[in-house]
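A short worksheet on the structure shown next.
Residue numbers (this note's numbering), protein chains in the order written: chain A, 1 to 294; chain B, 1 to 290.
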């Protein structure tokens, strides 16, 4: 195409509405968050600049615990999503009757409104009447009712399991698509040479899927780090703050206690981590594209 | 012995009998994990409250009935309104996203002027900041614009976070449309805008439909945080927040809550059932770059 001046104007005119929209709804609030983090903004009319005081105030032991907890929570959630998603993709890729139906059946957790799925898990975790505790008791694995959301450690894992449950369908379908993009003749050649199913998976599937695995882990990392609904509906960060991640913590301070300035400082810390993840993501995808071209 | 499939199956896809059993067992465990909340939720919706709140736990409903599916409408009279709200919010968000994304995706797919790569990267970066991080300024922005406690307070911010994925998906689709079409239209003296409207848009229609479906589902399933924070009017509440109405002062009416959940997700489930081919196609088109 001739790249004339009119084409230039046309291209940017097509982009302008979307750019403007995102500037107002995302970029401006982002800048505003940074500005607010240096103020004592609250419900009061008067707003003063307080320098670094909000940051000095939040960097204490509790906040560092919250950061550590967020990373552990995110790490295990992403890891489980990748492992279970990969197992699911391998199983759904097998040429057995009914696999199209099975593929449809993986989608509900992803497609159903998140809050509804989470309400259902809330009932399952119920100690006296829920399914998990009930079945464990029936099979004699535990003595009495186990209220999963009432104890710090079990609530921590319960929220991870629910997060994994919501994330797995997307990961599975993405992996399945990547798996099907691998040329069939590679498998046939390996099969002719007598390679076992496991060897074919280890030597062909896994290496060729590594770009997909890396991309998905990074995207999943960012999404999981931002996870709010699950913890909020199940525990609101409790019991005694044991499931409070950085997002929940920020929400409690900013919206719950209306300390906008202090909440903004916490949000800025989240943004810094997210930017680092994003940078890593762009770097990795660029390197992967380089590998493709070579 | 026991080749599983008939002779048309390629040799490489044939399994021994124990492999078939292992595959089905694995699929069963996998699907059980993904579907058990729905199974349990459905059984709960059939049980009378007295059975729900009794120990020991019984998995199967005794005297199960669909009574909760009728009483739920009386306990929370506004429920139909919540479903309507959810649909309205998702539809309007989808329309906004499409109006912004269709031209933008075309620009990204067809032109490569200086700075556009950077803008594309910036759009993708948007998707990593969840609404939760930007909640404070967004709250103030909504207040300044006078949108607090209206439908728009849930639609406008929600749409912004659906844009990146939609751009990415549609751009990938539009890049497959042959460039020769543009050149031919140019030769015939068609203007840029005419080419976009009369040549590209009709061809891109299947891709636009996929993006619309994905965006609608995203909008429908992620209505929570903005609705929780930016709206306090009962009559505008979407389904996920509306369900809290079943949380009584003393106890949660669980059977009706679950019945209401199923009524609320039925439209989404019907949608997947009919559109699953588009969905898988759409996901893979955006996901796997060749």
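Beta carbons: idealized from backbone N, C-alpha and C, even for Gly.
**Prompt:** residue 229 of chain B versus chain A: which residues are under 9 Å apart at the beta carbon?
**Reply:** 251, 255
**Asked** Using 8 Å as the Cβ pair cut-off and three pairs as the minimum, do the stretch 30–40 of chain A and the stretch 130–138 of chain B touch?
**Response** yes
**Asked** residue 101 of chain B and residue 34 of chain B: beta carbons closer than 8 Å?
**Response** no
**Asked** Nearest chain E C-beta to residue 111 of chain B closer than 8 Å, yes or no?
**Response** Any reference to chain E falls outside this structure, whose protein chains are A and B.
**Item:** Opening and closing residue of the alpha helix (DSSP H) in which residue 218 of chain B lies
**Value:** 205–221
**Item:** Cutoff 6 Å; reference residue 224 of chain B; Cβ partners in own chain excluding five residues on either side
**Value:** 240
**Asked** Taking the alpha helix (DSSP H) that residue 52 of chain B falls in, what are its first and last residues?
**Response** 49–52
**Message:** Is the beta carbon of residue 78 of chain A closer than 8 Å to that of residue 217 of chain A?
**Reply:** yes
**Boundaries of the alpha helix (DSSP H) in which residue 66 of chain A is found, first to last residue** = 61–93
**Exposure label - residue 165 of chain A; buried when at least 16 CB within 10 Å** = buried
**Request:** Out of B/265, B/275, B/274, state which residue places its alpha-carbon closest to the alpha-carbon of residue 87 of chain B.
**Result:** B/265
**Prompt:** Which residue from A/53, A/248, A/181, A/172 puts its Cα closest to that of residue 27 of chain B?
**Reply:** A/172
**Prompt:** Of all Cβ atoms in chain B, is any one closer than 8 Å to the Cβ of residue 33 of chain A?
**Reply:** yes
**Prompt:** Near residue 284 of chain A, what residues of its chain come up, given a Cβ to Cβ distance below 7 Å and the 5 sequence neighbours on each side ignored?
**Reply:** 214, 218
**Message:** Quick check on DSSP: helix, strand or coil for residue 49 of chain A?
**Reply:** strand
**Asked** What's the gap between the Cα of residue 266 of chain A and the Cα of residue 207 of chain B?
**Response** 40 Å
**Asked** Does the stretch 67–85 of chain A come close enough to the stretch 213–229 of chain B that 3 or more CB-CB pairs lie under 8 Å?
**Response** no
**Message:** Please classify residue 274 of chain A as buried or exposed, where buried requires at least 16 neighbouring CB atoms within 10 angstroms.
**Reply:** buried
**Asked** With distances taken between CB atoms, is the gap from residue 37 of chain B to residue 120 of chain A smaller than 8 Å?
**Response** yes
**Request:** Report the partner residues of residue 119 of chain B according to the DSSP bridge assignment.
**Result:** Paired residue(s): none; residue 119 of chain B is not in a bridge.
**Prompt:** What residues from the stretch 212–234 of chain A come within 9 Å of chain B, judged by C-beta to C-beta, listed N to C?
**Reply:** 212, 215, 216, 219, 222, 223, 225, 226, 227, 228, 229, 232, 233
**Prompt:** For residue 102 of chain A, does the three-state DSSP call read helix, strand or coil?
**Reply:** helix
**Asked** Just to confirm, are residue 54 of chain A and residue 262 of chain A a CB contact at a threshold of 8 Å?
**Response** yes
**Asked** Going along chain B in order, which residues have a C-beta closer than 7 Å to the C-beta of residue 117 of chain A?
**Response** 37
**Asked** Which stretch, first to last residue, makes up the alpha helix (DSSP H) that contains residue 184 of chain A?
**Response** 184–192
**Message:** Is residue 66 of chain A close to chain B? Criterion is C-beta to C-beta, closer than 8 Å.
**Reply:** no
**Item:** Stretch pair the stretch 194–214 of chain B + the stretch 113–130 of chain B: three plus CB contacts closer than 8 Å
**Value:** no
**Of the listed residues A/174, A/100, A/71, nearest to residue 160 of chain A (C-alpha basis)** = A/71
**Item:** Terminal residues of the alpha helix (DSSP H) in which residue 182 of chain B lies
**Value:** 179–187
**Request:** Tell me whether the beta-carbon of residue 212 of chain B lies closer than 8 Å to the beta-carbon of residue 174 of chain B.
**Result:** no
**Near-chain A residues of the stretch 120–142 of chain B (beta-carbon distance less than 9 Å), N- to C-terminal order** = 121, 122, 123, 124, 125, 126, 127, 128, 129, 130, 131, 132, 133, 134, 135, 136, 137, 138, 139, 140, 141
**Prompt:** Since residue 243 of chain A contacts residue 231 of chain A with CB under 8 Å, what's their CB separation in whole angstroms?
**Reply:** 5 Å
**Asked** Got a sec? Which residues, its chain only, sit under 7 Å from residue 58 of chain A by beta carbon, not counting five neighbours each side?
**Response** 262, 265, 266
**Prompt:** Are the CB atoms of residue 151 of chain B and residue 236 of chain B nearer to each other than 8 Å?
**Reply:** yes
**Which of helix, strand or coil DSSP assigns to residue 113 of chain B** = coil
**Message:** Only counting the same chain, and skipping five residues up and downstream in sequence, which positions put a Cβ closer than 7 Å to that of residue 230 of chain B?
**Reply:** 139, 142, 148, 153, 154
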